[in-house]
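When the count follows the working numbering, it moves up by one through the sequence shown with no breaks and lands on 232 for the last residue. Just so it is clear, CB atoms sit at the ideal spot from N, CA and C, and this is done for glycine as well. Remember, predicted model here, so these are calculated numbers, not experimental data.
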Amino acid sequence: MFVSRAEDTVGAEEEELSAQQKLLVAASEGKDRLERSVCIAEGMRAMLTWNLVVSADLANGTQGTVEKIFLDPRESQSHRESTDNIVQLEYPPALILFCPDSTPIKNLRELSPGLIPLEPSKKGMRITYSNGRKGTIHRRQLSLTAAYAFTDYKAQGQTLQPVIIDIGNPPSGGLNAFNAYVAISRGRSRNTIRFLREFNSTIFTHHPDLELAECDKRLRHLNDETTKRYEMGRW
């Protein structure tokens, strides 16, 4: 397995960051940025985390398999010959061959059917120096992550077969019927769904939102009143 470390540079000449700039980047990591490090291996199930080419179904949430990894030519030979099964890379791979589960692109020249070449994505990050001056850091990193387990949010709109679902009590936050519905409805049938552990059945018997319950009650009342007026000809 390779651990791809992001490449951060500054300026048009893509210079290395100073110690101060590295600290500012570390202190301002955000959810809309490329990851600082990404684990990747040939044969790994992976999910894209950015919209790359939406028209080709290469978008945030697209799943597939990493078939081949081509390392950056600047990578030192000592890293390439690591024997501990986990290789810490100095730079993101130059290219990977990704085989999405579904894509309208059937065949690219000189590549096996279904394979898509992906380069590291690039993203600018804004930082603020101690004197108030703004600056931009440029990051290169693969925009994907391992896809052996993911949240119901990431699973929306997908059909998974088979699927193992965990709707047990989470270590933090909450779980309601909406979360459970999204998770359970990812499978095609009960024959392809298995639950990882026991769960609290009250998430299906208690209304997930009291205000929504009152709204439903009001709509039912309006429906009944409308039906009565119609049947009595009072319009």
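Check your understanding: Taking the alpha-carbon positions, what's the G13 to D5 distance?
Key -> Start at 1 with the first residue of the sequence shown, and residue 13 comes out as number 16. Start at 1 with the first residue of the sequence shown, and residue 5 comes out as number 8. Note that residue 13 is Glu in the sequence shown, not Gly. The straight-line gap from Cα to Cα measures roughly 7 Å.
Practice item. Report, in whole angstroms, the separation of the C-beta atoms of T240 and P117, which I expect to be a contact under 8 Å. Key: One cannot answer for residue 240 here, as it falls past the ends of the chain, which runs -2 to 232.
Practice item. Please report the residue range of the beta strand (DSSP E) in which D5 lies. Key: Here residue 5 refers to the residue found at position 8 when the sequence shown is read from its first residue. Taken as a continuous stretch (DSSP letters only), the beta strand (DSSP E) holding D5 covers E4 to V7.
Exercise for review: Check L139 in the structure and name its three-state DSSP category.
Suggested key: Counting from 1 along the sequence shown, the entry for residue 139 is found at position 142. Three-state result, L139: coil.
Exercise for review: Just list the alpha helix (DSSP H) runs in the segment 189 to 222, keeping only unbroken ones of 4 residues or longer that don't cross its boundaries, in chain order.
Suggested key: 199 to 202
Exercise for review: Identify which residue in P114, I134 and A144 has its Cα closest to the Cα of M122.
Suggested key: Taking the first residue of the sequence shown as position 1, residue 122 is located at position 125. Comparing Cα-Cα distances from M122 to each of P114, I134 and A144, the minimum goes to I134.
Point to revise | Euclidean distance between Cα positions of L31 and V22 | key: Counted from its first residue, the sequence shown places residue 31 at position 34. Counted from its first residue, the sequence shown places residue 22 at position 25. Looking at the two C-alpha atoms, the distance is approximately 12 Å.
Check your understanding: Taking T46 as the reference, which of G8, A9, S127 and Q138 has the closest Cα?
Key -> As a first step, residue 46 must be located in the sequence shown, where it is residue number 49. The residue with the shortest Cα to Cα distance from T46 is Q138.
Check your understanding: Between which two residues does the alpha helix (DSSP H) containing A23 stretch?
Key -> Along the sequence shown, one-based indexing puts residue 23 at 26. Note, A23: alpha helix (DSSP H), A16 to A24.
Check your understanding: When you compare each of S1, S198, K131 and L207 to E72 by their alpha carbons, which one comes out closest?
Key -> Position 75 of the sequence shown holds residue 72. For E72, the nearest C-alpha among the options comes from S1.
Review point. By DSSP, does I83 sit in helix, in strand, or in coil?
Key: Mapped onto the sequence shown, residue 83 falls at position 86. Reduced to three states, the DSSP call for I83 is coil.
Exercise for review: Tell me where the beta strand (DSSP E) around F175 begins and ends.
Suggested key: Here residue 175 corresponds to residue number 178 of the sequence shown, with the count starting at 1. Segment A174 to I181 is the alpha helix (DSSP H) holding F175; no beta strand (DSSP E) there.
Practice item. Between the Cα of S140 and those of K225, I93 and F201, spot the shortest distance and give me the residue it belongs to. Key: Position 143 of the sequence shown, counted from the start, is the residue given in the question as residue 140. Residue I93 is the option with its Cα nearest to S140.
Check your understanding: Considering only C-alpha positions, which residue in the set S182, T100 and P168 is nearest to L55?
Key -> Start at 1 with the first residue of the sequence shown, and residue 55 comes out as number 58. When each option's Cα is compared against that of L55, the closest is T100.
Review point. Do R136 and A9 have their CB atoms nearer than 9 Å?
Key: Taking the sequence shown and counting its residues from 1, the one referred to as residue 136 is at position 139. Taking the sequence shown and counting its residues from 1, the one referred to as residue 9 is at position 12. In this structure, A9 does not lie closer than 9 Å to R136 by Cβ.
Exercise for review: Per DSSP, which residues does T59 bridge with? Please list them.
Suggested key: Walking along the sequence shown from the start, residue 59 turns up at place 62. In DSSP, T59 forms no bridge with anything.
Point to revise | Residue closest to I162, alpha-carbon to alpha-carbon, out of R187, I37 and L216 | key: Within the sequence shown, residue 162 is the residue found at index 165, counting from 1. When each option's Cα is compared against that of I162, the closest is R187.
Practice item. Run the CB neighbour count on I113, radius 10 Å, all protein chains shown included, and call it buried at 16 or more, exposed below. Key: For the purposes of this step, residue 113 is taken as the residue at position 116 of the sequence shown. Flag for I113 reads buried.
**Study point:** Spatial neighbours of L193 in its chain, beta-carbon cut-off 8 Å, leaving aside the 5 residues before and after
**Key:** For the purposes of this step, residue 193 is taken as the residue at position 196 of the sequence shown. So the list reads I161, I162, D163 and G165, once near-sequence residues are dropped.
Review point. What number of angstroms, rounded off, separates the C-alpha of L20 from the C-alpha of E11?
Key: Translated into the one-based positions of the sequence shown, residue 20 becomes position 23. Translated into the one-based positions of the sequence shown, residue 11 becomes position 14. In a straight line, the C-alpha of L20 is about 18 Å away from that of E11.
**Study point:** For K103 and S109, the rounded distance between their alpha carbons
**Key:** One-based indexing of the sequence shown puts residue 109 at position 112. One-based indexing of the sequence shown puts residue 103 at position 106. Cα-Cα distance, rounded: 9 Å.
Practice item. Given a cut-off of 9 Å, decide if F147 and M44 are closer than it, judged by their beta-carbon atoms. Key: Translated into positions along the sequence shown, residue 44 becomes position 47. Translated into positions along the sequence shown, residue 147 becomes position 150. In this structure, F147 lies closer than 9 Å to M44 by Cβ.
Review point. Ordered along the chain, which non-local residues of its own chain (more than five positions away) have a Cβ less than 6 Å from that of D149?
Key: On the sequence shown, position 152 is the one that residue 149 refers to. Excluding sequence neighbours, D149 sits near N176, V179 and A180.
**Study point:** E72 (DSSP reduced to helix, strand or coil)
**Key:** Taking the sequence shown and counting its residues from 1, the one referred to as residue 72 is at position 75. In the structure shown, E72 sits in coil (DSSP, three-state: anything other than H, G, I, E or B).
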